[in-house]
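*Asks:*
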Amino acid sequence: DTGVSQNPRHKITKRGQNVTFRCDPISEHNRLYWYRQTLGQGPEFLTYFQNEAQLEKSRLLSDRFSAERPKGSFSTLEIQRTEQGDSAMYLCASSLAGGDEQYFGPGTRLTVT
Amino acid sequence: GQQVMQIPQYQHVQEGEDFTTYCNSSTTLSNIQWYKQRPGGHPVFLIQLVKSGEVKKQKRLTFQFGEAKKNSSLHITATQTTDVGTYFCAGLGSNYQLIWGAGTKLIIKP
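Right, here's the structure in full:
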């Protein structure tokens, strides 16, 4: 296994369009996390999964954001009706269990024009 | 809610000088983790501290966890150009979620 992968690496979209990102975690990892990071800031927690169950979602996350991990393996993050404020790096991370070190993917950089 | 404050935001050092970043939590942490993010890269795990008063070393890096498990520090001795990046602390809170500091950017002056 080569680590956490994310696709696409870059996405440019027009305001109002929907976008979907994919994350493939390390195969034996039960936990999968989504973060958003803007320039000069630390990762901002969005949501996480324990296997296929979404256990927590940030209160900062609007209803336009939804995430799934249907079979407990890969995950998708969808943003509907994108806004310019959604422009950021979206990071996915996985860990073996809660509290363990997290392994990050390279991220998907979203630009909303 | 639980917060982790990290200072300074930036530190400019000459190559060979030391660097230190500090994290303080509003509440007791179960553990604290440190990550490094190179420019244009993603966070990479460095170390985890669990015990009160714990000190761990990795070559020129020294990590400390406070007695009350509310603060932590990372000290780099004799910085090198390869140390450039942003160092984040992340504390494990009561809900078993990581609470991230804002990071300290290490800049090596030419």
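Same order as they appear, the protein sequences are chains U and D. Residue numbers for the first sequence follow my numbering, beginning at 1 and rising by one. Residue numbers for the second sequence follow my numbering, beginning at 1001 and rising by one. Every residue gets a Cβ at the ideal spot worked out from N, C-alpha and C, and that includes glycine.
#1: Output yes if chain U places a C-beta closer than 8 Å to the C-beta of residue 1002 of chain D; else output no.
#2: What residues in its chain sit with their C-beta under 7 Å from that of residue 1031 of chain D, if we drop five residues either side in the sequence?
#3: Taking C-beta pairs closer than 8 Å, name the residues in chain U that residue 1012 of chain D reaches, listed in chain order.
#4: Hey, how far is the Cα of residue 112 of chain U from the Cα of residue 13 of chain U?
#5: Between the region 1092-1104 of chain D and the region 1023-1037 of chain D, do three or more beta carbon pairs fall short of 8 Å?
#6: If the cut is a Cβ gap below 7 Å, which residues of chain D does residue 91 of chain U touch?
#7: Apart from the five residues on each side of it in sequence, which residues of its chain come closer than 6 Å, Cβ to Cβ, to residue 1024 of chain D?
#8: Please report the residue range of the beta strand (DSSP E) in which residue 101 of chain U lies.
#9: Output needed in chain order: residues of the region 20-48 of chain U with a Cβ under 7 Å from some Cβ in chain D.
#10: Please confirm if residue 8 of chain U has its CB atom under 8 Å from at least one CB of chain D.
#11: Taking residue 101 of chain U as the query, report the chain D residues whose CB atoms sit under 7 Å from its CB, ordered along the chain.
#12: Check whether the Cβ of residue 17 of chain U lies closer than 7 Å to any heavy atom of the ligand ADP, and answer yes or no.
#13: Which residues does DSSP list as the beta-bridge partners of residue 49 of chain U?
#14: Would residue 74 of chain U pass as an interface residue toward chain D - the criterion being a Cβ-Cβ separation below 8 Å?
#15: Could you say if the region 13-23 of chain U and the region 1074-1090 of chain D meet the contact criterion of at least three C-beta pairs nearer than 8 Å?
#16: If we count Cβ pairs, one from each stretch, closer than 8 Å, do we get three or more for the region 1056-1065 of chain D versus the region 1099-1109 of chain D?
#17: To the nearest angstrom, report how far apart residue 83 of chain U and residue 16 of chain U are at their CA atoms.
#18: Leaving aside the five residues before and after residue 55 of chain U along the sequence, list all residues of the same chain whose C-beta is less than 8 Å from its C-beta, in chain order.
#19: Taking 8 Å as the CB-CB cut-off, is residue 106 of chain U touching chain D?
#20: So, with DSSP's three-state summary, where would you put residue 85 of chain U?
#21: Are the region 1011-1024 of chain D and the region 65-78 of chain U touching by the rule of at least three beta carbon pairs closer than 8 Å?
#22: Would a C-beta distance cut-off of 8 Å place residue 11 of chain U and residue 108 of chain U closer than the cut-off?
#23: Whose CA, out of U:93, U:99 and U:98, lies closest to the CA of residue 43 of chain U?
*Replies:* If we stick to the structure as given:
#1: Your numbering for residue 1002 of chain D matches position 2 in the second sequence. Output row for residue 1002 of chain D: interface = no.
#2: Sequence index remark: in the second sequence, residue 1031 of chain D carries index 31 (1-based). For residue 1031 of chain D, where only same-chain residues beyond five positions count, the Cβ hits under 7 Å are 1048, 1049, 1050 and 1092.
#3: As a working mapping, residue 1012 of chain D is identified with position 12 in the second sequence. What residue 1012 of chain D touches in chain U: nothing, since even the nearest Cβ is about 15 Å away.
#4: Position 112 of the first sequence holds residue 112 of chain U. Position 13 of the first sequence holds residue 13 of chain U. In a straight line, the C-alpha of residue 112 of chain U is about 5 Å away from that of residue 13 of chain U.
#5: yes
#6: Indexing the first sequence from 1 puts residue 91 of chain U at position 91. Listed by position along chain D, the residues whose Cβ is nearer than 7 Å to that of residue 91 of chain U are 1042.
#7: As a first step, residue 1024 of chain D is located in the second sequence; it is residue number 24 there, counting from the start. Answer for residue 1024 of chain D: 1005 and 1071, listed in chain order.
#8: Against the first sequence, residue 101 of chain U aligns to sequence position 101. Segment: none, residue 101 of chain U is in no beta strand (DSSP E) and carries neither H nor E.
#9: So the close ones are 41, 42, 43 and 45.
#10: As a position in the first sequence, residue 8 of chain U is number 8, starting the count at 1. For residue 8 of chain U, the answer is no, since every Cβ of chain D falls outside 8 Å of its Cβ.
#11: Position 101 of the first sequence holds residue 101 of chain U. Neighbours of residue 101 of chain U in chain D, taken as residues whose beta carbon is under 7 Å from its own, are 1033, 1045 and 1048 in chain order.
#12: Ligands displayed in this structure: none; no statement on the ligand ADP is therefore possible.
#13: Translated into positions along the first sequence, residue 49 of chain U becomes position 49. In the DSSP output, where bridge partners are listed per residue, residue 49 of chain U has U:32 and U:54.
#14: Working through the first sequence from its first residue, we reach residue 74 of chain U at position 74. Not an interface residue.
#15: no
#16: no
#17: In the first sequence, residue 83 of chain U corresponds to position 83, counting from 1. In the first sequence, residue 16 of chain U corresponds to position 16, counting from 1. Each residue's alpha carbon lies about 6 Å from the other.
#18: Locating residue 55 of chain U in the first sequence gives position 55, where the first residue counts as 1. The answer, listed in chain order, is 48 and 49.
#19: The residue labelled residue 106 of chain U in the question sits at position 106 within the first sequence. Closer than 8 Å to some Cβ of chain D, the Cβ of residue 106 of chain U qualifies, so yes.
#20: In the first sequence, the residue the question calls residue 85 of chain U occupies position 85. It is helical.
#21: no
#22: Counted from its first residue, the first sequence places residue 11 of chain U at position 11. Counted from its first residue, the first sequence places residue 108 of chain U at position 108. Taking 8 Å as the Cβ cut-off, residue 11 of chain U and residue 108 of chain U qualify as a contacting pair.
#23: By one-based count along the first sequence, residue 43 of chain U stands at place 43. The shortest Cα separation from residue 43 of chain U among U:93, U:99 and U:98 belongs to U:93.
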